[in-house]
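Residue 1 is where the first sequence starts when you use my numbering, and the numbers rise one by one after that.
Cβ atoms here follow ideal geometry from the backbone N, Cα and C, with glycine treated the same way.
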Amino acid sequence: MIRGIKGIKDITPDQMPKWSVVERTAHALAHAFGFQEIRIPVFEKTELFVHSIGGNTDIVEKEMYTFPDKDGTSLTLRPEGTAGVVRAFIERGLKTYQPSRKLYYIGPMFRHERPQAGRLRQFHQFGVEFVGSSEASADVEVITLLWRFFSALELPGLSLELNSLGVLTDRQAYKKDLVSFLKTKSDRLCENCRRRLEANPLRALDCKVPHCREAMNDAPHLTDFLSPTSRDHFDRVLEGLQALAVPYSMNPRLVRGLDYYSMTTFEVSCSALGAQNAIGAGGRYNGLFETLGGVPTPAVGFAIGLDRVIIALPEAILPTPTPWVFIAAFGEKGKPAGLSLLDSLRSMQVKADTDYNASTLKTLLRSADRLEAPYVVIIGDDEVTNHQIILRNMATKEQEFHPLNTASSAILAHLHIR
RNA sequence: GUGGGUGUAGCUCAGUUGGUUAGAGCGCCGGAUUGUGGUUCCGGAGGUCGCGGGUUCAAUUCCCGUCACUCACCCCA
């Protein structure tokens, strides 16, 4: 047997109702907020991700699916969506159409990680990018959309955390202070954090090792190092969220794992999930366009892990299935009559189906039962001779007769009454 | 990449303190007369006990390795 690839799952038909609800909600809300859909390729030149995400991040260092093209150029399956959107934006000159542009995407991303509950090698994200505005209102809008999406899906146990990373000079000042603080605690830090001290001291802030967290308790806060303009921007974001009643809490330790973030960052976690409980996150990335060779353009966005949303999605949110009819046609005359009724119902956009492997009334009804058909049309030779069909309600066992020539419209009316 | 748990029928799992034909529930197939499903009753099919090696008179059971699944670390959405 040839198996699928580790960490890559099929979304089977029984799971599709959940995915449909989630994707419909994403499209509807994004449109309501004025975002337009963009579809970008699932693979790009490797350098795009190296330059945007950052060469010393875990994603780039050990998680990318990278392979050579026939001519030797290094290609990579996208590990996230922002890089591709920004690349398309710059390359296609999307900026020339409007002063600001709001885009969203839905699709698979790829990261070679060890699979775990809520973590797959092919996973799906819904993300938005608000490009061309440095106003705090843009941050507020993006965060609000993020929150409204989860609210619409009635996910339990959510919390939204915010932080500001400031601009580069803010972070540099902070880093100095943090490093000297960490050095005083270095004997109490885990090995990992001691290594981070050199490479990426900010990451030590959200270390999960308990004694490390404790040592970090009185660490300096990045928000205390914000320049007046950074501080002012962040305050406006908070005010804006309060005005729209989006509940949040401050987390001075919230750090993003991608290099392109600056200023506002945020993360939504869901207690209904396991260890991988970050369900949506994002932030501002004012420097990324320049990094990728575009004109400096402010932007803010988020990405939501849809596979995690599906795990946390309550059953109650699923719509009740639309009523339909099973056609139980048998006998020399009944079968062709049933097939033509099947076709006319379908051409009226009424869901109708049958079982070609069943040929007696008994087996047909059993199939109907297994398919959970709410209604069955019984049509055998006797019915054809009498120019009628039997419409059976499977739950109540009630049966009524309808003329054969007007059967499809009678059935249509019947289904709609429900 | 590191660690833990698990691998027995299509599914969920029991079991063999090492010993003849390895079990249950659910599902599946057939039957309980003629054109009425789900319930009930009766019968039936289906397993190289993940794979390879070792110990042993004997291994599905013990040991080693390996692979797969899974959870956690790490990281992230």
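- Around the beta carbon of T406, a 10 Å sphere encloses fewer than 16 other beta carbons of the protein chains shown; the residue is thus reported as exposed.
- Proximity of the region 303 to 314 to the region 118 to 136 meets the contact definition, three or more beta-carbon pairs being nearer than 8 Å.
- By the 16-neighbour rule on beta-carbons within 10 angstroms, F330 is buried.
- Taking the Cβ atoms as the reference, M394 lies roughly 6 Å from V376, within the contact range of under 8 Å.
- Here L222 is buried, its C-beta having at least 16 other C-beta atoms within 10 Å.
- Contact check for A352 and L342: beta-carbon distance about 5 Å, within the 8 Å limit, so the pair qualifies.
- With respect to Y285, S262 sits close: the two C-beta atoms are nearer than 8 Å.
- In the DSSP assignment, K45 forms a beta bridge with L75.
- The distance from the Cβ of I379 to that of G334 is about 5 Å, consistent with a contact at the 8 Å cut-off.
- By the criterion of at least three beta-carbon pairs nearer than 8 Å, the region 108 to 121 is not in contact with the region 20 to 28.
- Residue burial is scored here from C-beta neighbours: V350 has at least 16 other C-beta atoms within 10 angstroms and is therefore classed as buried.
- In the displayed model, I390 falls within a strand according to three-state DSSP.
- Between F149 and A26, the C-beta spacing is below 8 Å.
- Annotation for T82: the continuous alpha helix (DSSP H) segment containing it runs 82 to 92.
- Only residues of its own chain outside the window of five on either side were considered, and among them L241, V246, F266 have a CB closer than 7 Å to the CB of I143, listed in chain order.
- By the Cβ-count criterion, G274 is exposed, with fewer than 16 other Cβ atoms from all chains shown falling within 10 Å of its own Cβ.
- Three or more beta-carbon pairs separated by less than 8 Å link the region 73 to 86 to the region 99 to 117, which places the two stretches in contact.
- Where H233 is concerned, the enclosing alpha helix (DSSP H) starts and stops at 228 to 243.
- Buried is the label assigned to N163, since at least 16 other Cβ atoms lie within 10 Å of its Cβ.
- Using a 10 angstroms sphere on the CB of S151, the tally of other CB atoms stays under 16, which defines it as exposed.
- At a Cβ-Cβ threshold of 8 Å, K18 and P115 do not count as neighbours.
- Spanning the alpha carbons of A299 and G132 requires a straight line of approximately 6 Å.
- Excluding five sequence positions before and after S269, the CB atoms of its chain that fall closer than 7 Å to its own CB belong to S159, N277, A278, I279, given in chain order.
- Residue range 325 to 329 is occupied by the beta strand (DSSP E) that includes A329.
- Annotation for G127: the continuous beta strand (DSSP E) segment containing it runs 122 to 131.
- Taken in chain order, the unbroken stretches of beta strand (DSSP E) that lie wholly in the region 288 to 350 and span 3 residues or more are 299 to 305, 325 to 329.
- In the DSSP assignment, L365 falls outside any beta strand (DSSP E) and within the unbroken alpha helix (DSSP H) covering 361 to 370.
- Distance from I38 to L145 at the Cβ level is roughly 16 Å; contact not present, criterion being Cβ atoms closer than 8 Å.
- Secondary-structure assignment with DSSP links T265 through a beta bridge to N163, G283.
- In the structure shown, E61 falls within a helical segment according to DSSP collapsed to helix, strand and coil.
- As a beta-bridge residue in DSSP terms, G107 pairs with Q125.
- By the beta-carbon neighbour count (other beta carbons within 10 angstroms, threshold 16), D14 is exposed.
- Closest option to K70, judged by alpha-carbon separation, among V86, L178, K45: K45.
- Between L155 and P220, the CB-CB gap reaches or exceeds 8 Å.
- Take the alpha-carbon of L339 and the one of D355: they are about 11 Å apart.
- Less than 8 Å divides the Cβ of F33 from the Cβ of E141.
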